[in-house]
Each structure stands twice: as structure tokens, then as C-alpha cells.
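Engineer: Chains as they are written, first to last, in the working numbering: chain A, 67 to 395; chain B, 6 to 68.
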Amino acid sequence: MLELRYDPIKNQYVAIATKRQERTFFPPEDFCPLCPTKSNKIVTEIPAYDYDIVVFENKFPSFSENPDKLYLNKSEKEGFITFSKKESKGICEVICYTSDHNLYLEDMSITKISNLIKVWKDRYATLGKKNFIKYVLIFENKGKEIGVTLTHPHGQIYAFPFIPPIAREELKSSKNFYMKNKKCLHCKIIEREIEDISRVIIKNSSFIAFVPFYARWPYEVHIYSLRHIGSLCEITDGEIILLSKIIKELINRYNKLFNFRMPYVMIIHQNPTDGKDYDYYHIHFEFYPPYRTKDKLKYLAGCELGTGVFINDTLPEEKAAELRNVDLI
Amino acid sequence: MKKENTNSFIKVWQEDWDKPNNKINKQLDIKILSGNKRSREDLIQKKRIIKKEDGRYLIYYDF
């Protein structure tokens with residue numbers, strides 16, 4: 067069953083997607099569904115013998131372009147409140163970064179990472195131009211600690227039929243700041259981080275990576291475009307190369323920090339695609355690694371889940387220094 | 006690079022970049038001026054789309 071159920075208390079939707087319980091769970095490497103098809107005996111998701119980058123519709127989606135028809139049963143219609151639900155109409159895609167099962171994003175050449183960014187750019191534009199898609203979320207979950215069940219290097223795209231709550235909040239704050247100051251909130255934050263310097267990890271002529279002043283995770287890092295742009299559609303070829311370099315360096319710094327591949331969630335925040343004007347918003351990437359020390363994970367528990375307030379047990383300035391001081395050679 | 010011949014089941018991808026009333030195109034046509042128009046067109050030429058047996062699409066991006 068696929069449907070969106072509305073929570074009138076939290077003012078947000080929950081996506082019910084029961085088929086996802088059946089999704090592939092840690093298959094042996096020989097049976098990886100994201101590898102190319104090497105023999106007729108084991109046909110994977112990708113029929114080609116080899117590929118550069120592949121995108122396909124998720125077999126176990128949370129939304130679908132052709133969702134289940136909705137019906138309301140008797141108990142939902144009766145009583146003081148009608149439980150509201152709507153069709154889970156959206157699109158879920160998988161992006162395979164490479165045909166090599168063991169070549170992670172940070173190991174790839176700058177050219178290959180640049181190609182991936184061009185694919186992200188194309189998927190954002192292609193999905194976003196569909197009338198029922200209001201928001202395109204491009205993300206990567208990496209590592210078993212995050213809950214990843216397929217180890218082949220890949221990311222995902224969720225194209226939503228509505229603007230999700232976190233994006234909605236960010237847009238609201240950005241708009242309020244712009245209305246009051248006639249300046250972009252994110253551009254001003256970048257200025258402050260550059261002035262302060264203590265939380266900056268990497269900076270090149272087009273992008274900056276820093277642990278934000280208000281980091282929720284110990285090693286949370288945001289990558290911002292120095293130029294005020296709202297989505298990947300506005301990025302130039304030269305900027306794509308510089309973005310590739312900063313992503314590659316950041317992930318390698320994460321890996322060198324504790325000498326293992328750091329798991330993370332990577333999110334790309336971009337303008338909604340509902341046709342409205344969001345000139346006050348600013349594209350950025352957010353990385354959330356779950357480790358707080360080499361052998362301790364940060365879990366979301368009572369306070370975070372119960373109130374939405376994150377407790378960060380570390381000082382962002384100290385964590386930024388650790389990442390900055392990693393010797394990459 | 007060795008690749009299978011998928012010509013027999015390639016579906017023509019209806020790119021509608023040039024439709025005048027397309028909502029994203031309207032945004033792109035403005036924004037692309039500060040970006041790189043050529044790269045968008047290049048990308049489209051590099052896409053090969055097939056339909057899988059269960060109806061899902063799969064897109065090869067060749068570089």
C-alpha cells in the first residue's frame with residue numbers, strides 16, 4: 067500500500083509504503099542488484115555489461131507516478147474528525163554512481179564526480195518540470211550505521227508532491243530574513259563563517275565547507291556555493307569541477323579522521339519546483355555523519371525525537387579543527 | 006566500453022524542454038543565462054532510456 071496520511075497535530079504527511087518491507091537486504095556481492103549484468107544467470111537491475119552512470123525507478127518506492135487508488139473506509143469517515151489521506155503521487159529513483167561495486171564517491175576521479183553532478187542537475191530539472199512534483203530531494207545514505215542495505219555506491223532521489231517540512235521551515239526563515247533585510251540569509255551566514263574562520267574546513271573560489279555554528283551532529287558539515295544560486299540548474303561547468311573537488315576532499319577528510327569509511331547522510335537542499343519564485347533561497351549540501359568519536363555513535367533519542375531539539379555533545383569549532391587538521395597525504 | 010545493444014527496446018524519450026509553458030523551463034530560461042546552456046543540451050544527447058519488463062524506466066547516462 068502506498069498512501070500519504072496527514073497528521074493534523076504535527077501538520078505534516080506520513081508516507082505509508084508497505085512494499086518497502088520486502089526490499090533487498092544486504093545481498094552477497096555476487097548478487098548485487100546495482101552491479102551490471104555480467105551473465106544471463108544473474109540479471110541485475112541494470113541489463114548492460116557495463117555503464118557510466120545509471121538512473122532507474124526504485125523497485126521499492128515511497129511514492130509512485132501511478133499510486134494506489136484511495137478509498138476511505140467507514141471508521142475513517144465517521145466521528146468528529148475525518149482522517150485525511152491522499153495519493154502518494156511522486157517519483158523515487160536510484161542513481162548508481164559507477165559500475166564498480168567498490169569505487170566510492172570519494173575514490174572517483176574529478177571528471178567522474180563532475181559527471182555525477184551533471185546527472186543530479188538533469189534529474190532535478192527533468193523531475194521538477196513535472197506538474198505534480200513540487201520538491202526534488204537528492205540524497206545519499208552511506209554505511210550500515212545509517213541503515214543502508216545495498217553497499218554498491220549509489221544515491222537516491224525523492225520527487226515529492228508537496229514541499230516537505232524541513233524545506234518549508236528553511237524557506238520560511240529565508241523569506242522572512244530577505245523581507246526584513248533585502249539580503250540572502252545564507253549569503254550572510256557564509257560571510258560570518260568566512261570572517262570567523264574557526265569552523266571553516268575547505269574553501270575554493272566557488273564553494274566553502276564548514277561545520278555550522280549551530281551544528282546538530284558532531285561532524286556535520288555544510289557545503290555552500292559562494293555565488294547566490296538556488297539550484298544545480300544555475301551551476302556552470304567550471305563550478306561543477308570545483309564542487310566535485312570540495313565533495314571529494316571533504317569525504318576523504320572524514321575517512322582519514324578515524325581511518326575508516328565514514329558513514330553519512332548527504333542532502334542537497336535546492337529550490338522547490340512548484341513554479342514559484344524562491345530567489346531568497348540558496349543551494350547547499352548537508353552532511354550528517356553519525357559518529358561522535360571513533361567508536362561511539364550519536365543516536366537520535368528522547369530529546370531529539372520528542373522535541374526536535376538536538377543535543378550536540380561537542381563544540382563545532384573543535385570538530386572543525388579536527389577535520390581541518392586531517393593530513394590527507 | 007562493452008555495452009549491450011538495447012536498440013530493440015529503447016523508448017523515445019519525449020523531452021519537452023522547448024515547450025513554452027513548461028513551469029521549470031520558465032525558471033530555467035531565466036536561470037540558465039547565468040549557467041551554461043550548452044551543458045544542458047549535451048546531457049540530453051547522452052541519455053539512453055529503456056523500459057524494464059515491469060514498466061519501470063532505466064536511463065543510461067553515457068559520458
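Glycine included, every Cβ here is placed at the ideal spot set by N, Cα and C.
Owing to the predicted nature of the structure, the values given are computational and were not obtained by experimental measurement.
(1) Roughly how many angstroms separate the alpha carbons of A/Lys249 and A/Ile263, rounded to a whole number?
(2) Roughly how many whole angstroms lie between the Cα atoms of A/His288 and A/Asn106?
(3) What's the call for A/Asn391, buried or exposed, on a 16-neighbour Cβ count within 10 Å?
(4) Between A/Ile333 and B/Glu58, what straight-line distance do the alpha-carbon atoms span, to the nearest angstrom?
(5) So for A/Phe326, helix, strand or coil by DSSP?
(6) From the DSSP output, read off the bridge partner residues of A/Pro102.
(7) With distances taken from CA atoms, which of A/Asp343, A/Ser154, A/Ile176 is nearest A/Phe198?
(8) Using three-state DSSP, classify A/Asp73 as helix, strand or coil.
(9) Determine the direct distance from the alpha carbon of A/Thr192 to that of A/Asn124, and round the result to whole angstroms.
(10) Whole-angstrom Cβ separation of A/Thr380 and A/Pro278, contact assumed at under 8 Å?
(11) Measuring CA to CA, which of A/Glu383, A/Tyr347, A/Pro102, A/Leu394 is closest to A/Glu236?
(12) Please say whether A/Ile112 and A/Pro102 have beta carbons closer to each other than 8 Å?
(13) Who are the near neighbours of A/Lys305 in its chain, counting only those whose CB is closer than 8 Å to its CB and skipping five residues on each side?
(14) What runs of the alpha helix (DSSP H), each 4 residues or longer, lie entirely inside the segment 311-358 of chain A?
(15) Could you work out which residues of chain B lie near A/Asn181, taking near to mean beta carbons separated by less than 8 Å?
(16) Using a Cβ cut-off of 9 Å, which residues of the segment 261-290 of chain A contact any Cβ in chain B, in chain order?
(17) Would you identify the three-state DSSP class for A/Ser240, choosing helix, strand or coil?
(18) If you compare alpha carbons, which of A/Leu171, A/Gly296, A/Val160, A/Val109 is closest to A/Ile349?
(19) Using 8 Å as the limit for Cβ to Cβ distance, is B/Lys42 near chain A?
(20) If you draw a straight line from the alpha carbon of A/Val185 to that of A/Ile212, how long is it in whole angstroms?
(21) Is the segment 164-173 of chain A in contact with the segment 206-221 of chain A, if contact means three or more CB pairs nearer than 8 Å?
(22) According to DSSP, simplified to helix, strand and coil, what is A/Ser180?
(23) Starting from A/Gly372, trace the alpha helix (DSSP H) both ways and give me its first and last residue.
(24) Taking 8 Å as the CB-CB limit, is A/Phe122 close to chain B?
(25) Which residue wins for smallest C-alpha separation from A/Ile119, given the options A/Ile161, A/Lys151, A/Val266, A/Ile176?
(26) Determine the direct distance from the alpha carbon of A/Leu323 to that of A/Leu68, and round the result to whole angstroms.
(27) Would you tell me roughly how many angstroms separate the C-alpha atoms of A/Thr339 and A/Pro227, rounded to the nearest one?
(28) Can you give me the C-alpha to C-alpha distance between B/Tyr62 and A/Val331, rounded to a whole angstrom?
(29) How would you call A/Val80, buried or exposed, if buried means at least 16 neighbouring beta carbons within 10 angstroms?
(30) In the segment 218-304 of chain A, which residue ranges form an unbroken alpha helix (DSSP H) of at least 4 residues, counting only runs that do not cross its ends?
(31) Who are the near neighbours of B/Ile35 in its chain, counting only those whose CB is closer than 8 Å to its CB and skipping five residues on each side?
(32) By how many angstroms is the C-alpha of A/Asn325 removed from the C-alpha of B/Gly60?
(33) Buried or exposed: where does A/Ser175 fall if 16 or more other Cβ atoms within 10 Å of its Cβ makes it buried?
(34) Hey, could you find the ends of the beta strand (DSSP E) A/Leu203 is sitting in?
(35) Is there at least one Cβ from chain B nearer than 8 Å to A/Val375's Cβ?
Structural biologist: According to the structure data:
(1) 21 Å
(2) 44 Å
(3) exposed
(4) 31 Å
(5) coil
(6) A/Ile112
(7) A/Ser154
(8) strand
(9) 16 Å
(10) With a Cβ gap of about 13 Å, A/Thr380 and A/Pro278 do not count as contacting.
(11) A/Tyr347
(12) yes
(13) Correcting the residue type first, residue 305 of chain A is Glu in the shown sequence and not Lys. Answer for A/Glu305: Ser272, Phe273, Ser291, Arg293, listed in chain order.
(14) none
(15) Tyr66, Phe68
(16) none
(17) helix
(18) A/Gly296
(19) Below a pLDDT of 50, predicted positions are generally treated as unreliable, and B/Lys42, at 42, falls in that range; no measurement from the model is reported.
(20) 24 Å
(21) yes
(22) helix
(23) 368-373
(24) yes
(25) A/Ile161
(26) 41 Å
(27) 10 Å
(28) 26 Å
(29) exposed
(30) 231-247, 251-262
(31) A caution first: B/Ile35 carries a pLDDT of 37, below 50, which makes its placement in the model unreliable, though a value can still be read off. There are no such residues.
(32) 43 Å
(33) exposed
(34) 201-208
(35) no
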